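Take a look at the structure set out below.
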Amino acid sequence: MAYNLLKGKKGIIFGALNEQSIAWKVAQRAVQEGAEIVLTNSPLALRMGELNNLAAECNAPVIAADVTSNEDITNLFTKTMEHFGGGVDFILHSIGMSINVRKGISYTENNYDFTHKGLDISALSLHRVLQTAMKMDAINEWGSVLALTYIAAQRVFPNYNDMADNKAYLESIARNFGYYYGVQKKVRINTVSQSPTRTTAGAGVKGFDGFISYAEKMSPLGNATADDCADYCVSLFSDLTKMVTMQNLFHDGGFSFSGVSQAVIEQMEK
Ligand SMILES: NC(=O)c1ccc[n+]([C@@H]2O[C@H](COP(=O)([O-])OP(=O)(O)OC[C@H]3O[C@@H](n4cnc5c(N)ncnc54)[C@H](O)[C@@H]3O)[C@@H](O)[C@H]2O)c1
């Protein structure tokens, strides 16, 4: 069901790779709610070609940008502002990558070149996007910026590896930039801490199936799906949540505040 929550709003969606991507679902949902969007991903991701299907469905231009490049991000905002004839009202940062995870290098043995690259892509990119937007005055007053994160920023999940540190840094950037952008232009910035979800990035984490079923058993409402996440993101882009900023918002069926569940106790007693 659509409520026209984003009617007249314009936004940029980073990170839709394929139909499983959380960003893919957010893009579809935002358009259903009346938004106009620009889609962006790295040149490598664009070569995979799937994003063109989403672009056609959403009637959205695709602009390539590697989030580690200032030049690419500047070009993205320039072209987006030309396309819309002005600034944007919302941005979704749905980007994560760790070479240490991909190569199966354990946390204690991390290769620091890989760590730097992962941090740049997964966390510093949010600062880069916000700094560029601020310089170019690319986000309208009361605009809403969201970045996706995971609870490994607060608690230890061994196989999440250096992505845990990347997420902690990402959440801190959202909080700190949220202060400055709020004061300067009433732009709000939050992170959404999502349940484990079957996507390309998710599946890269060792033992992911165990992760997902443990979280499912621990959460009173069960795991939140990518579609549920899209609904939540749309509400956070809407004017209905305009006083929410600098928060890390758990979207996880209650996982984050559950000590143990009956289902897990029973499993342990077997
Ligand atoms: N899947 C999960 O279990 C889960 C849980 C909580 C949070 N998240 C977060 O959700 C976000 C989206 O991940 P997803 O699970 O939808 O997986 P995904 O693999 O579909 O999305 C990750 C995206 O990051 C993009 N990306 C990687 N390097 C890039 C670069 N240099 N420049 C631009 N884009 C780049 C990829 O192309 C891809 O589109 C990530 O931040 C992830 O950490 C995922």
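Heads up, the sequence shown is in the numbering used here, so the first residue is 8 and it goes up one at a time.
From the three backbone atoms N, C-alpha and C, an ideal C-beta is built for every residue, glycine too.
Keep in mind the model is a prediction, meaning the values are calculated, not measured.
Beta-carbon spacing of residue i, residue j below 9 Å
i, j, result
"G209", "P203", "yes"
"M141", "K86", "no"
"A67", "I44", "yes"
"G93", "K17", "yes"
"I196", "S151", "yes"
"V199", "T156", "yes"
"N126", "D79", "The residue you asked about is not Asn; residue 126 is Leu in the sequence shown. For L126 and D79, no; Cβs fall outside 9 Å."
"A145", "F97", "no"
"M104", "I128", "yes"
"L61", "I19", "no"
"V95", "S132", "no"
"T207", "S28", "yes"
"G41", "H100", "no"
"A72", "N107", "no"
"F215", "N166", "yes"
"N59", "A160", "no"
"L24", "V241", "no"
"Y221", "V271", "yes"
"L177", "L243", "no"
Residue environment, residue i, which counts as buried when at least 16 other CB atoms sit within 10 Å
i, result
"L137", "buried"
"L228", "exposed"
"K249", "exposed"
"F91", "buried"
"G111", "exposed"
"Y186", "exposed"
"Q274", "exposed"
"S113", "exposed"
"L51", "exposed"
"Q35", "buried"
"R135", "buried"
"M225", "buried"
"G260", "buried"
Under the three-state DSSP convention, the category residue i falls into
i, result
"V251", "coil"
"G125", "helix"
"S28", "coil"
"I70", "strand"
"G99", "The amino acid at residue 99 is misidentified as Gly; the sequence shows Leu. Reduced to three states, the DSSP call for L99 is strand."
"G22", "coil"
"K14", "coil"
Within the stretch 38–65, note down every full beta strand (DSSP E) run reaching 3 residues or more, in order along the chain. The beta strand (DSSP E) runs lying completely inside the stretch 38–65 and spanning 3 residues or more are 43–48, given in chain order.
Can you check the stretch 191–241 for any beta strand (DSSP E) of at least 3 residues that lies completely inside it and give the ranges in chain order? List check, beta strand (DSSP E) in window: 195–201.
What are the uninterrupted segments assigned as alpha helix (DSSP H) that are 4 or more residues long and contained completely in the stretch 132–187, given in chain order? If we require 4 residues or more, the alpha helix (DSSP H) runs fully inside the stretch 132–187 come out as 132–143.
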